[in-house]
């Protein structure tokens, strides 16, 4: 496969085609956009409001003072939006494979990594629109990070979105049928979300269980949350950045490998078919 | 001339951008038996100094040369050099001094003796007791009118604000307020007196001229039980527009519009917030949070809590040094 034979315009056309399909899917499925917003908003309005008095308030970086629970949980909910979005694009990959649309995509002469990356980037763009809409509503709910935080959070959103999207791609390569997706929900999304720093700070986890704390500290999703949390306050959490970059590379590499016809699942499939 | 013209905007900008003066912030730690000193600009702790047993009320002379601390369990007021934190001398205070107020002219000092139902008046120059004024049961809050003519004492069990003539040391009026009045504070032109009632959960606004309550401010913090809303410290900005009320175990400071006396917002601070102090430029307001052992810093203009800084054990009172006059 010689990548260099294509002019830049061709690459752009290929990316635009994939991005357009992803955007169309997003635009045409208004329900999906609403659902993506309702989920975190329910957490913010109901769960966080109920817990504001129950949970102790704490000062952990990047916060300089005490914060209300809804302020604490907001970066976690932002990451939740991106997690669901990543899983959603993984679902669409499985769907594409079942309907045969993926075959059309994969016969493209462009390198596989490029096709997968285009799909990933298109998905991240969609998740970022969702996140900013959510942050706008949270602002009305008195969750108000510093104004410039809305800008500094953008690179963190791109990276966290890419990491979670790449994880979705990797998972989609391993899921054979659409019906299995519910299993992914149960075994990936919920444990990842709950066993992280999205809902409670890690020090509070340690107070109740060291094991739970260690699990949370080993969860890549924790670092996506912390990267977003710090960026929302104009700071960089270097450890989180390193973990997110590492996981992004790992998941994306694994996805490219798995989608390679001569290796991964496709090869195995051929063997069993 | 041309140079001068180009220089002028730069000078103006420089003048505006010039940072406010750093002042020392003194916080008494009731349980730690010491005072934590902070820098009002960096908001960092400079040092911690022992100041006697159970330090509570704290104030500083207008020239910034003498720091007064109520050492409640030592039954006296200790006086320190604010720069070195060396003890200069002590003042007789009567038993269990809790809070006091310095006359605007820097002398004398009016001290509430919680256990003895007295207000003791002490001359800070001669160190002599000038008078012992019998007041209601459990005196605590002390305020003074801007013109220095009236001293207010609140008695926690009698539930009264006593108006005391600052020269004749006679009570001239009593105003019944809600349960357990803790603190009294005038606005800067002396047209309003705010008295907080810890158990009653209200702040009474009193017209000092008629000694009538003109309004009672009530508080309702979302998600907090009403009994946890216990108003204690009150501070009024010098333009009278902003009134801050520390609401104890509700961990909030209420921001009140000083013209309408309506609550505008509740700011989340540390646990059990009692006393507060402005910096001289009123950029910041410091609050003492007794249960979380820290001080929260409120940005007065934006009405936001910018930072909480750990201090000693059970912070109680706070005062900020005035701007240095001669340097």
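Protein chains in written order, with the UniProt record's numbering: chain E, 1 to 273; chain S, 1 to 327. Yeah, the Cβ is synthetic: ideal placement off N, Cα and C, and Gly gets one too. All of these numbers come straight from a predicted model, not from anything done at the bench.
Checking contacts by CB at 8 Å: is residue i closer than that to chain E?
i, result
"residue 308/S", "yes"
"residue 305/S", "yes"
"residue 296/S", "yes"
"residue 311/S", "no"
"residue 314/S", "no"
"residue 11/S", "Unreliable positioning characterises residue 11/S in this predicted model, as indicated by a pLDDT of 43, which lies under 50. The coordinate reading is nonetheless provided below. It does not: the Cβ of residue 11/S has no partner Cβ on chain E nearer than 8 Å."
Using a C-beta to C-beta distance shorter than 7 Å, which residues of chain S count as neighbours of residue i?
i, result
"residue 59/E", "308"
"residue 23/E", "Going along chain S, no residue has its Cβ under 7 Å from residue 23/E, so there is no contact; the nearest lies around 38 Å."
Out of the options, which one is the CA nearest neighbour of residue i?
i, options, result
"residue 71/E", "175/E, 139/E, 254/E and 203/E", "139/E"
"residue 246/S", "185/S, 110/S and 158/S", "185/S"
"residue 8/E", "88/E, 114/E and 107/E", "114/E"
"residue 269/S", "281/S, 286/S and 200/S", "286/S"
"residue 235/E", "145/E, 18/E, 6/E and 11/E", "145/E"
"residue 111/S", "250/S, 71/S and 44/S", "71/S"
"residue 66/S", "288/S, 53/S, 89/S and 242/S", "89/S"
"residue 189/E", "226/E, 103/E, 81/E and 174/E", "81/E"
"residue 38/E", "130/E, 17/E and 123/E", "130/E"
"residue 244/S", "260/S, 228/S, 144/S and 266/S", "266/S"
"residue 227/S", "86/S, 165/S, 260/S and 272/S", "272/S"
"residue 153/S", "76/S, 161/S and 146/S", "161/S"
"residue 222/E", "134/E, 164/E, 233/E and 169/E", "164/E"
"residue 199/E", "16/E, 78/E, 18/E and 31/E", "78/E"
"residue 76/S", "120/S, 38/S and 44/S", "120/S"
"residue 174/E", "259/E, 49/E, 24/E and 48/E", "259/E"
"residue 300/S", "250/S, 290/S and 239/S", "239/S"
"residue 101/S", "317/S, 323/S and 324/S", "317/S"
"residue 198/S", "157/S, 30/S and 310/S", "157/S"
"residue 132/E", "207/E, 168/E, 255/E and 154/E", "154/E"
"residue 62/E", "51/E, 237/E, 219/E and 136/E", "237/E"
"residue 149/S", "169/S, 21/S, 294/S and 135/S", "169/S"
"residue 18/E", "121/E, 30/E, 142/E and 87/E", "121/E"
Show which residues of chain S have a CB atom less than 9 Å away from the CB atom of residue i.
i, result
"residue 130/E", "Those within 9 Å of residue 130/E in chain S number zero; the least Cβ separation is about 28 Å."
With a cut-off of 8 Å, does the C-beta of residue i fall near any C-beta of chain S?
i, result
"residue 233/E", "no"
"residue 145/E", "no"
Taking C-beta pairs closer than 7 Å, name the residues in chain E that residue i reaches, listed in chain order.
i, result
"residue 269/S", "66"
For residue i, which beta-bridge partners are listed by DSSP?
i, result
"residue 22/E", "Answer is none; residue 22/E lacks a bridge partner."
"residue 155/S", "139/S and 160/S"
"residue 210/S", "Paired residues: none, contrary to the question."
"residue 243/S", "236/S and 256/S"
"residue 78/S", "69/S and 90/S"
"residue 215/S", "205/S"
"residue 307/S", "297/S"
"residue 27/S", "36/S and 318/S"
"residue 46/E", "Note: residue 46/E sits in no beta bridge, so no partner."
"residue 276/S", "287/S"
"residue 266/S", "254/S"
"residue 181/S", "197/S"
"residue 47/S", "37/S"
Is residue i close to chain B? Criterion is C-beta to C-beta, closer than 8 Å.
i, result
"residue 303/S", "Note that chain B does not occur in the displayed structure, where the protein chains are E and S."
Checklist entry - What alpha helix (DSSP H) runs, 4 residues minimum, are completely inside the region 160-187 of chain E? => result 181-184
Next on the checklist: Report the start-end ranges of each alpha helix (DSSP H) in the region 197-221 of chain E that is 4 residues or longer and not cut off at the edges.
Outcome noted: 202-208 and 210-218
Next on the checklist: Report the start-end ranges of each beta strand (DSSP E) in the region 83-165 of chain E that is 3 residues or longer and not cut off at the edges.
Outcome noted: none
Item to check | beta strand (DSSP E) runs wholly inside the region 92-133 of chain S, at least 3 long, in chain order | outcome: 97-102, 109-113 and 118-122
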